[in-house]
Amino acid sequence: MRASYILKLIEKNERIDGRRLDEFRPISIEKDIIEKAEGSARVKLGKTDVIAGIKMEIETPFPDTPNEGVLKTNAEFAPIAHPEFVPGPPSEDATELARVVDRGIRESKSIDLEKLCLVEGEKVWGIFIDIHIINHDGNLIDASALASLAALTTAKIPKYEDGKIVRGEYVGKLPLLHMPINITVYKILGKYVLDLNREEEDVADAWLSIAVREDGYVCSMQKGGNKGLSLKNVDDMIDLAAQKSKELRKLL
Amino acid sequence: MAKIKDIELIKDGKRLDGREPLELREIEMKVGIIPNANGSAMVRFGKTMAVAAVYGPRLLLPKHLQESDRAIVQCRYNMAPFSSDERVKPGPSRREIEISKVVRQAVEPVLFLENYPKTTIDIFIEIIQADGSTRVASVNAASLALADAGVPMRDLVVALSGGKIDGTLILDLNGIEDNNSEADMPLAFTPNKKEITLLQMDGELKPEEIKRLMKEMFKAGEEIYKMQVKALKDRYSV
Amino acid sequence: MMRENGVREIAYPGQILGKKKDFLPGNGTFEDEGNIISKHLGILVRSGNYISVIPLSGVYVPRPGDHVIGIVTAVEKVGWVVDINSPWEAFLSLSEGVDEFIDLKRVLLNKYYDEGDVIYTQILSAKRGDIQLTMKGPAFKKLREGVLVKITPSKVPRLIGKEGSMINLIKEKTKTVIRVGQNGIVWISGEKVDKAIMAIKRIDEKSHIYGLTEEITRMLSD
Numbered sequence: 001m002r003a004s005y006i007l008k009l010i011e012k013n014e015r016i017d018g019r020r021l022d023e024f025r026p027i028s029i030e031k032d033i034i035e036k037a038e039g040s041a042r043v044k045l046g047k048t049d050v051i052a053g054i055k056m057e058i059e060t061p062f063p064d065t066p067n068e069g070v071l072k073t074n075a076e077f078a079p080i081a082h083p084e085f086v087p088g089p090p091s092e093d094a095t096e097l098a099r100v101v102d103r104g105i106r107e108s109k110s111i112d113l114e115k116l117c118l119v120e121g122e123k124v125w126g127i128f129i130d131i132h133i134i135n136h137d138g139n140l141i142d143a144s145a146l147a148s149l150a151a152l153t154t155a156k157i158p159k160y161e162d163g164k165i166v167r168g169e170y171v172g173k174l175p176l177l178h179m180p181i182n183i184t185v186y187k188i189l190g191k192y193v194l195d196l197n198r199e200e201e202d203v204a205d206a207w208l209s210i211a212v213r214e215d216g217y218v219c220s221m222q223k224g225g226n227k228g229l230s231l232k233n234v235d236d237m238i239d240l241a242a243q244k245s246k247e248l249r250k251l252l
Numbered sequence: 253m254a255k256i257k258d259i260e261l262i263k264d265g266k267r268l269d270g271r272e273p274l275e276l277r278e279i280e281m282k283v284g285i286i287p288n289a290n291g292s293a294m295v296r297f298g299k300t301m302a303v304a305a306v307y308g309p310r311l312l313l314p315k316h317l318q319e320s321d322r323a324i325v326q327c328r329y330n331m332a333p334f335s336s337d338e339r340v341k342p343g344p345s346r347r348e349i350e351i352s353k354v355v356r357q358a359v360e361p362v363l364f365l366e367n368y369p370k371t372t373i374d375i376f377i378e379i380i381q382a383d384g385s386t387r388v389a390s391v392n393a394a395s396l397a398l399a400d401a402g403v404p405m406r407d408l409v410v411a412l413s414g415g416k417i418d419g420t421l422i423l424d425l426n427g428i429e430d431n432n433s434e435a436d437m438p439l440a441f442t443p444n445k446k447e448i449t450l451l452q453m454d455g456e457l458k459p460e461e462i463k464r465l466m467k468e469m470f471k472a473g474e475e476i477y478k479m480q481v482k483a484l485k486d487r488y489s490v
Numbered sequence: 491m492m493r494e495n496g497v498r499e500i501a502y503p504g505q506i507l508g509k510k511k512d513f514l515p516g517n518g519t520f521e522d523e524g525n526i527i528s529k530h531l532g533i534l535v536r537s538g539n540y541i542s543v544i545p546l547s548g549v550y551v552p553r554p555g556d557h558v559i560g561i562v563t564a565v566e567k568v569g570w571v572v573d574i575n576s577p578w579e580a581f582l583s584l585s586e587g588v589d590e591f592i593d594l595k596r597v598l599l600n601k602y603y604d605e606g607d608v609i610y611t612q613i614l615s616a617k618r619g620d621i622q623l624t625m626k627g628p629a630f631k632k633l634r635e636g637v638l639v640k641i642t643p644s645k646v647p648r649l650i651g652k653e654g655s656m657i658n659l660i661k662e663k664t665k666t667v668i669r670v671g672q673n674g675i676v677w678i679s680g681e682k683v684d685k686a687i688m689a690i691k692r693i694d695e696k697s698h699i700y701g702l703t704e705e706i707t708r709m710l711s712d
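Residue numbers (my numbering), protein chains in the order written: chain Y, 1 to 252; chain C, 253 to 490; chain A, 491 to 712.
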């Protein structure tokens, strides 16, 4: 019943909380909230609440990139966040979210991985982005990507002395080259809607999550949902995401 | 497969394997290759080989997974340990879990799920050899296997990959191109209504490059469609 | 009718078969934007203005009134669970299975039908995956002895043939009694059971070719 009410509103270009179709909920970004992490941020999109923490560890580089640091992104749909989240290994959705957020950051070449080499071929910095969902009220991908990027802007490289990491002492900020913003565009009843809450997500036909760099390049795309999109839908959604990403980028 | 520094992927307008930028690899499709399954198919793009089997619609347990008014679709994409340059550890990796999801969503929209309440349609895909574009080979194989299983479908689903190497837009990336490309974009769509059911991209592309590349992919997709139809009809030749 | 290499015309899912304004959509097809489209990989049949597609594979979907052959898999307090070769389990209730009055305190239900029993039965209702059977009617009974063979449910009409011509041919030539369930389960009993099974399996494999009747006749005359 709730679903049909939401659909009736969308038909009239309205939403339950009075927002426009392309309007985000109130966004709050708090940076550097976890002292023990090398970087951190908490992002709220309405009631959706996500914390991203950055930990840096010493890792061996990949054999084909011996002088580059490694980036790993993980997401935890913590059971505290929603009655449907159960303890256990990451679900299909959690796995997808981590990989999509990772793609946006990695493919946009936001982190200068070459500056993270300690001993070529042997020791490099590993950047671990861990996304922790605190409360799930929809649009987790955008919230997580924003939190991850915000956390990266606060990230500092720890001191490395005599083969040991000296936690609490830093040698400088993590070199960030770009600011990719992820916007997920949903399609409901043929219209494009942004920042869906949990209830609205249940009635969406399909979505396209797009990471756009500040120079307009698209660095990652992921289609989801169990209905199709037309070629025109995809074109429109990319344009909308590119345009909206500029707004969100200003907040960082 | 590894990234190779300073590799020249296009020389004199030809790719490393001799192809033109928009040329597809040799494609082979065979339907009905696993007698035990309700439906099955093998699809090969060059060295990449995917085998799909469909079991179902069949009883779904545990009961709480059942949908009272339709079938659910479960999909598992798995790489055989010997399929790649480096041995792939058995067990689902995060990549395989994500691909299982996108492949499932690539074919779900065409199925008449409401005909089979409380059941499951299981799609299993094994990558026998991986040389780039395995997920789109899988979607083609799944489409054929579902048709072979007699599951009612609105349309077949056609899939291929596209991308950019050394500034040139290309189709059907092989392994070395996949790992060293500037962009990689797998796509699946329904031939009749041209509805996109799978779309991913990683790399760096301008929006107008994406649009241009997708148009080429839709064109090439028509060739793949003809091959699917032929493979289905060949299943029942004399 | 087009004969391409002795194979009947095959339609594939999504194939546009004709326009709604010229034809009528039959089984195995659906309508979309004025077109009649095939839902299946199957045999294309044009009969008058109707276009239908007979699937060449697929599971059995029970329809009320269907005669089917099932195997009892469990005896419960108020009826029996029956496997009817379909994605759903079927249930034969006490009242539909037995005519007489039963004192449940003194009689065990397996006196009537026990686990493993093969029954020739009818679909009473099939709503949303809840399949109910009935044994009411003179044709329905336990099938004793004999052998069971499974074929693709959509090929049952081909096995039976026009007015029973194909199945009767097999029965005569192999001196067997055969019951064909619409769910693709076939029960055979009699003299040349093996020969009958061969013929039935051949029909299952080759329902898409022309000249099948001649081929089966030749096969049975050896």
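For each residue, glycine too, the CB sits at the ideal point set by N, CA and C.
For the C-beta of C:Asn367, the chain A residues within less than 9 Å are, from N- to C-terminus, Val551. As DSSP reads the structure, A:His557 sits in a beta bridge with A:Gln612.
When the alpha-carbon of C:Gly455 is set against those of Y:Gln222, Y:Cys117, Y:Leu140, Y:Lys123, the nearest one is in Y:Gln222. Inter-segment contact for the segment 39 to 54 of chain Y and the segment 117 to 136 of chain Y is present: three or more beta-carbon pairs are separated by less than 8 Å. If you draw a straight line from the Cα of A:Lys617 to the Cα of A:Gly555, it is about 13 Å long. Assignment of beta-bridge partners to C:Pro342 by DSSP yields no partner.
The alpha helix (DSSP H) runs of length 4 or more contained entirely in the segment 356 to 421 of chain C are, from start to end of the chain, 386 to 400.
Residues of chain C whose Cβ lies closer than 8 Å to the Cβ of Y:Asn226 are, in chain order, Gln357, Glu360, Pro361.
For Y:Lys223, at least one C-beta of chain C is nearer than 9 Å to its own C-beta. Collapsing the DSSP output to three states places Y:Arg249 in a helix. The DSSP-derived three-state label of Y:His132 is strand.
Judged by their CB atoms, C:Leu398 and C:Glu434 are not nearer to each other than the 9 Å cut-off. In the three-state reduction of the DSSP assignment, Y:Tyr5 falls in the helix class. DSSP places Y:Ser209 inside the beta strand (DSSP E), whose first and last residues are 206 to 212. Residue pairing by DSSP places A:Trp570 opposite A:Val565, A:Leu582 in a beta bridge.
The residues Lys159, in chain order, have a CB closer than 6 Å to that of Y:Glu169 in the same chain once the five nearest residues on each side in sequence are set aside.
What A:Lys529 touches in chain C, judged by beta-carbon distance under 8 Å, is Phe364, Pro404, Met405, Arg406, going in chain order. DSSP places Y:Val101 outside any beta strand (DSSP E); the residue lies instead in the alpha helix (DSSP H), whose first and last residues are 92 to 107. Excluding the 5 residues flanking it on each side, Y:Val193 has same chain C-beta neighbours closer than 6 Å at Leu21, Tyr186, in chain order.
With the rule of 3 Cβ pairs closer than 8 Å, the segment 289 to 306 of chain C counts as touching the segment 382 to 396 of chain C. An exposed status is given to A:Arg708, since fewer than 16 other beta-carbon atoms sit within 10 Å of its beta-carbon.
The alpha carbon of Y:Val166 has as its nearest neighbour, out of Y:Asp17, Y:Glu38, Y:Asp235, Y:Lys8, the alpha carbon of Y:Glu38. Taking 9 Å as the cut-off between beta carbons, the residues of the segment 296 to 316 of chain C near chain A are Gly308, Pro309, Arg310, Leu311, Leu312, in sequence order. Collapsing the DSSP output to three states places Y:Ile29 in a strand. Ranked by Cα distance from Y:Asp205, the options Y:Lys244, Y:Gly190, Y:Glu214 are led by Y:Gly190. In terms of Cβ geometry, Y:Pro180 and Y:Ala211 form a close pair [threshold 9 Å].
Collapsing the DSSP output to three states places C:Ala289 in coil. When DSSP states are grouped into helix, strand and coil, A:Met625 belongs to the coil group.
Under the 9 Å criterion on CB atoms, A:Leu546 is classed as interfacial with respect to chain C. Note on the segment 292 to 316 of chain C: whole beta strand (DSSP E) runs with a minimum of 3 residues are 300 to 311, in chain order. Comparing alpha carbon positions, the residue from C:Cys327, C:Val340, C:Leu365 closest to C:Ile351 is C:Cys327.
Residues of the same chain with a CB within less than 8 Å of the CB of Y:Ile33, apart from the 5 flanking positions on each side, are Ser40, Ala41, Arg42, Ile51 in chain order. For C:Gln326, the pairing in a beta bridge is given by DSSP as C:Asp374.
DSSP places C:Phe334 outside both helix and strand once states are collapsed to three, so it counts as coil.
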